[in-house]
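Chains as they are written, first to last, in the numbering used here: chain D, 1 to 316; chain Y, 1001 to 1316.
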């Protein structure tokens, strides 16, 4: 099944659709980090979004895009992380059921959060095939609408809404950098950014141990499945087909970073911005610290994607 | 020397005076923490103030209250923590020198921050007498104006400005809770709050191992020096004379909390608000969790005082 990319108008519609439920997240700045990189940095704090991650935007847009006849059967997804939690929270805003298929071995704290948000958990084996099969079963049994974590038009549109908000808050930017995993965020943000300003330079930060987007962009063709090896648990995903197409079309440049660079950047963010952010979020600052010459003197937006961290297992 | 309390007008003047330099800090909310306490909580994030603490407000007001003839000789204080750093940063905004007397044994990271902010460090023995004597020597040698960390009219007025900002951001509140150490924050906030709304209930959270303000309020008279025993390094101070008078006049109620309660509350703040806050800041939530019946169903402002934490030595 081909998944269409959202248009700029779809993203504007998504922003209006989720406005009653999503938070307008603050943009933070730091003199110390500006000096460190040699640029003007605008940190979009999606760690302060509902559910502690940008994922609420896409999930909420998907939930409120359903017509009433569809919606009454609820929604279903497979996710062991922020998307499952976001979909559960979004379903509550519409008073419908959420089913989340979770693989064995998922982090207990994350599962508890999803359950606390009111979702029904469905356990399955820890393979992609088992996830998809179980989600399909739940879909058949309940009639729930499937909401893919990133290869979904409504989800990409919802994530892109954060760029409209960011540019409204800070004015024009020279560049924007997001992390890239499955690519829902990177694709939505690219379409939104170029809808407002076609000259805006776009970057995607990716862990070296899950650099499929970088390799795919380098060869102009999406690479196949791989075994991720990175501490960035939110970015271990193979980039989606429509997501990759969006990155290619919008000339997004990938920058890959080592886990050591990311952990160092994470500490800078905690110390100077006073924000609890996930390790995946820190890839964006790590990329700028690795390649400051790309950003020298520029106004750069950085998306801090989430703040759901196990405080008892910090990576330093 | 008697130190006068600031008037409500002094606080309004301070707010205007520091407006070009201080940040308007965000107010954050959390459904989870609201449900936990059973009240509506408005967290004023002074961890996001310049220098990472509310102290910049008072220091900046003091620096810009000097006339030009005084200012050209610079400012001096004794502090091993946030006030020294704040005074150094405030002095930079006026282009004048800052001298900070620091006791032996102070945390190196904090001293480096003060030096990085451009202050001249003067080391002394780790006693109150040595601090005061060294500060007096520096004052004599340089002509610098002394700015006490809390028993100073200009400092209290500056700290109180955060309440004007908070009530402007969120509207009326039923109660306000701040931590109390030397009492610059608690006194300034009490005067500001009652200047706007005499019915607002005021609380001060204090560690059990440094409960001099609670004991002083209980007996209506300021107790003498004591040996603090608490993890809250920002709150080990004996409350100042004018500060205590302000708390008494404004019927501030003290709530004492154990270090264990404070550490648990700190984790809640990091996990749910995604904010890096110091352990001293967490006393306010710890107090509410200990005595939720005082706040049931109410709209309560909580001041998160600072976020300068040693990430390599977290208390859990």
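C-beta atoms are modelled at their ideal positions from N, C-alpha and C, and glycine is treated no differently. All values derive from a computational prediction rather than experimental measurement.
I'd like the span of the beta strand (DSSP E) that includes residue i, first residue to last.
i, result
"residue 1078 of chain Y", "1075-1078"
"residue 40 of chain D", "40-45"
"residue 1253 of chain Y", "1253-1257"
"residue 1124 of chain Y", "1120-1124"
"residue 1206 of chain Y", "1201-1207"
"residue 1100 of chain Y", "1098-1103"
"residue 1301 of chain Y", "1299-1304"
Run the CB neighbour count on residue i, radius 10 Å, all protein chains shown included, and call it buried at 16 or more, exposed below.
i, result
"residue 144 of chain D", "buried"
"residue 1236 of chain Y", "buried"
"residue 1178 of chain Y", "buried"
"residue 1224 of chain Y", "exposed"
"residue 1020 of chain Y", "exposed"
"residue 1114 of chain Y", "buried"
"residue 212 of chain D", "buried"
"residue 316 of chain D", "exposed"
"residue 28 of chain D", "buried"
"residue 154 of chain D", "buried"
"residue 1283 of chain Y", "buried"
"residue 24 of chain D", "exposed"
"residue 2 of chain D", "exposed"
"residue 1226 of chain Y", "exposed"
"residue 152 of chain D", "buried"
Check for me: the alpha helix (DSSP H) holding residue i runs from which residue to which?
i, result
"residue 1188 of chain Y", "1184-1196"
"residue 1133 of chain Y", "1128-1142"
"residue 175 of chain D", "That residue, residue 175 of chain D, is in no alpha helix (DSSP H); its beta strand (DSSP E) goes 175-179."
"residue 83 of chain D", "82-94"
"residue 288 of chain D", "283-290"
"residue 1018 of chain Y", "1008-1018"
"residue 115 of chain D", "108-116"
"residue 1293 of chain Y", "Run containing residue 1293 of chain Y: none; DSSP gives neither H nor E here."
"residue 63 of chain D", "55-65"
"residue 249 of chain D", "241-249"
"residue 50 of chain D", "It is not in any alpha helix (DSSP H) - residue 50 of chain D carries neither H nor E in the DSSP assignment."
"residue 216 of chain D", "212-219"
Using only the alpha-carbon positions, how far apart do residue i and residue j sit?
i, j, result
"residue 1066 of chain Y", "residue 1309 of chain Y", "32 Å"
"residue 1138 of chain Y", "residue 1076 of chain Y", "7 Å"
"residue 241 of chain D", "residue 80 of chain D", "21 Å"
"residue 1301 of chain Y", "residue 1167 of chain Y", "9 Å"
"residue 1090 of chain Y", "residue 71 of chain D", "56 Å"
"residue 105 of chain D", "residue 84 of chain D", "15 Å"
"residue 1088 of chain Y", "residue 170 of chain D", "29 Å"
"residue 1232 of chain Y", "residue 1123 of chain Y", "23 Å"
"residue 134 of chain D", "residue 98 of chain D", "14 Å"
"residue 1264 of chain Y", "residue 1289 of chain Y", "10 Å"
"residue 1196 of chain Y", "residue 1008 of chain Y", "9 Å"
"residue 1234 of chain Y", "residue 1277 of chain Y", "12 Å"
"residue 230 of chain D", "residue 275 of chain D", "22 Å"
"residue 11 of chain D", "residue 299 of chain D", "23 Å"
"residue 1074 of chain Y", "residue 1258 of chain Y", "40 Å"
"residue 256 of chain D", "residue 239 of chain D", "14 Å"
"residue 192 of chain D", "residue 1031 of chain Y", "30 Å"
"residue 199 of chain D", "residue 174 of chain D", "8 Å"
Counting contacts by CB-CB distance shorter than 8 Å, is residue i in contact with chain Y?
i, result
"residue 63 of chain D", "no"
"residue 94 of chain D", "no"
"residue 26 of chain D", "yes"
"residue 168 of chain D", "no"
"residue 17 of chain D", "no"
"residue 270 of chain D", "yes"
"residue 311 of chain D", "yes"
"residue 52 of chain D", "yes"
"residue 171 of chain D", "no"
Have a look at the DSSP bridge pairing and note the partners of residue i.
i, result
"residue 1157 of chain Y", "DSSP lists no partner for residue 1157 of chain Y."
"residue 1167 of chain Y", "According to DSSP, residue 1167 of chain Y bridges with nothing at all."
"residue 70 of chain D", "Answer by DSSP bridge pairing: none, since residue 70 of chain D is not bridged."
"residue 335 of chain D", "It is not possible to answer for residue 335 of chain D, since the shown part of chain D is limited to 1 through 316."
"residue 146 of chain D", "D:76"
"residue 1275 of chain Y", "D:275"
So is residue i in contact with chain D if we call contact Cβ pairs under 8 Å?
i, result
"residue 1274 of chain Y", "yes"
"residue 1047 of chain Y", "yes"
"residue 1152 of chain Y", "no"
"residue 1072 of chain Y", "no"
"residue 1301 of chain Y", "no"
"residue 1267 of chain Y", "yes"
"residue 1307 of chain Y", "yes"
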